[in-house]
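The opening position of the sequence shown corresponds to residue 17 in this note's numbering, with each subsequent residue numbered one higher.
Heads up, the beta-carbon is just placed ideally off N, CA and C, and yes, glycines get one too.
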Amino acid sequence: MDKVRLGRTGITVNKNGFGALPIQRAGKEEAARILRKAYDNGIRLFDTARAYSDSEEKIHYALSDVREDIFITTKTMAETAEGFWKDLEVSLEKLGTDYIDVYQFHNPPFCPKPGGEDGLYDAALEAKRQGKIRHIGITNHRLAVAREAVESGLYDTLQFPFSYLSSESEKELAEQCREKDMGFLAMKALAGGLINHSEMAYAFMNEYDNVLPIWGIQRESELDEFLSYQENPPKMEGGIAERIAEDIKEFKGDFCRGCGYCMPCPAGIEINNCARMSLLIRRAVTANFLNKETQEKMKKIEGCLECGKCRSKCPYGLDTPELLKKNYKDYKEILAGKSL
17 MDKVRLGRTG ITVNKNGFGA LPIQRAGKEE AARILRKAYD NGIRLFDTAR
67 AYSDSEEKIH YALSDVREDI FITTKTMAET AEGFWKDLEV SLEKLGTDYI
117 DVYQFHNPPF CPKPGGEDGL YDAALEAKRQ GKIRHIGITN HRLAVAREAV
167 ESGLYDTLQF PFSYLSSESE KELAEQCREK DMGFLAMKAL AGGLINHSEM
217 AYAFMNEYDN VLPIWGIQRE SELDEFLSYQ ENPPKMEGGI AERIAEDIKE
267 FKGDFCRGCG YCMPCPAGIE INNCARMSLL IRRAVTANFL NKETQEKMKK
317 IEGCLECGKC RSKCPYGLDT PELLKKNYKD YKEILAGKSL
């Protein structure tokens with residue numbers, strides 16, 4: 017079974033990290049069963065966040081008796097030191113623990129540093145001094161902020177979107193983290209659902225021995241897929257390598273990753289899905305996206321206010337209103353049977 021060392025944290029776990037965002041959508045007992053199965057099959061790092069509703073509570077419910085055998089990474093979206101302490105205390109309570117293994121700033125628009133007016137990094141240092149957190153990490157979707165965090169030497173880990181659809185600049189981050197002895201946690205390893213063959217995603221991840229993928233898991237069947245790769249990991253060769261090359265060619269250029277940081281939309285548009293509907297509809301069961309509910313969601317694009325708020329908040333710098341228009345036009349053509 018392949019192992020990953022998260023840089024200078026010294027945390028060493030198998031190649032599967034458990035992304036606990038989706039279990040907020042599962043019932044308490046079902047979530048507990050999935051979490052426990054993950055633990056029983058060797059998964060030792062569980063990633064959650066204060067923003068993931070009851071995800072932290074479910075981890076506590078399922079794994080409290082093995083707390084010393086697992087590593088928990090959670091996050092705060094606080095913008096001030098006061099908010100930081102509030103989030104940390106709530107997370108400690110919900111998780112039923114007196115320490116967090118890696119406490120991460122959750123996608124801040126800047127890189128928190130010592131002495132900042134926000135007080136965030138200084139609060140993290142104090143929390144570490146008190147033993148409430150063991151390592152300081154940061155998550156981000158913005159390449160510039162991620163680079164700054166790596167170069168600063170202030171952070172023990174970086175969590176960043178990473179898959180075989182990532183740009184060369186994004187892939188360089190993994191190597192920069194290796195050079196800095198900084199842990200690299202890969203979120204959105206399935207590119208927000210655009211990669212629909214997990215063995216291809218897993219094969220790519222195995223090319224980076226310092227990268228720990230955080231697989232978002234909601235169903236037991238999804239967990240079973242990743243567990244099956246632990247003893248017989250897919251390789252970047254033969255048919256898998258060819259299919260990955262085809263995907264990379266298809267996704268060349270700008271596309272919505274579905275991160276949702278552009279939301280909410282003043283016009284009620286579900287941007288994080290509507291702006292990539294053309295890709296989703298071609299890579300999944302078409303009927304799922306041609307139903308009345310989806311048609312009504314796409315029709316809301318007609319009411320776009322052109323306010324530019326989504327564009328200004330997109331961490332990838334995408335022209336989101338233009339993407340919405342293109343996807344809506346394509347969607348109407350698909351409905352009319354003119355393309356697919």
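Residue closest to residue i, alpha-carbon to alpha-carbon, out of the options
| i | options | result |
| --- | --- | --- |
| residue 23 | 310, 37 and 193 | 193 |
| residue 63 | 244, 315, 38 and 124 | 38 |
| residue 107 | 95, 224 and 89 | 89 |
| residue 341 | 316, 91 and 332 | 316 |
| residue 91 | 46, 97, 160 and 103 | 103 |
| residue 61 | 51, 69 and 139 | 51 |
| residue 180 | 117, 202 and 195 | 202 |
| residue 183 | 313, 345, 268 and 93 | 268 |
| residue 53 | 292, 307, 244 and 273 | 244 |
Residue span of the beta strand (DSSP E) that contains residue i, given as start and end
| i | result |
| --- | --- |
| residue 120 | 116-122 |
| residue 28 | 28-30 |
| residue 39 | Where residue 39 is concerned, there is no enclosing beta strand (DSSP E), given that its DSSP letter is neither H nor E. |
| residue 203 | 199-203 |
Min CB distance residue i to chain C below 8 Å
| i | result |
| --- | --- |
| residue 343 | Among the chains of the structure shown, chain C does not appear; only one protein chain is present. |
Spatial neighbours of residue i in its chain, beta-carbon cut-off 6 Å, leaving aside the 5 residues before and after
| i | result |
| --- | --- |
| residue 9 | Not covered by the structure: residue 9. The range shown for the chain is 17 to 356. |
| residue 119 | 149 |
| residue 47 | 39 and 74 |
Residue i, buried or exposed, once every other Cβ within 10 Å from all chains shown has been counted against 16
| i | result |
| --- | --- |
| residue 146 | exposed |
| residue 66 | buried |
| residue 337 | buried |
| residue 165 | buried |
| residue 264 | exposed |
| residue 18 | exposed |
| residue 232 | buried |
| residue 35 | buried |
| residue 333 | exposed |
| residue 196 | buried |
| residue 133 | exposed |
Neighbourhood of residue i by C-beta, 8 Å cutoff - its chain only, sequence neighbours within 5 removed
| i | result |
| --- | --- |
| residue 250 | 215, 216, 218, 219, 222 and 256 |
| residue 83 | 112 and 113 |
N-terminal and C-terminal residue of the alpha helix (DSSP H) that residue i is part of
| i | result |
| --- | --- |
| residue 100 | 97-111 |
| residue 254 | 254-266 |
| residue 63 | Counting along the chain, residue 63 falls outside any alpha helix (DSSP H), though it belongs to the beta strand (DSSP E) covering 61-63. |
| residue 79 | 71-79 |
_For the structure I just gave you, are there three or more beta carbon pairs, one from the region 73-85 and one from the region 245-256, closer than 8 Å?_
No contact exists between the region 73-85 and the region 245-256.
*asked:* Could you check whether the region 319-328 touches the region 273-287, counting it as contact only if at least three pairs of C-beta atoms, one from each stretch, sit closer than 8 Å?
replied: Contact between the region 319-328 and the region 273-287 is present: three or more C-beta pairs spanning the two stretches fall below 8 Å.
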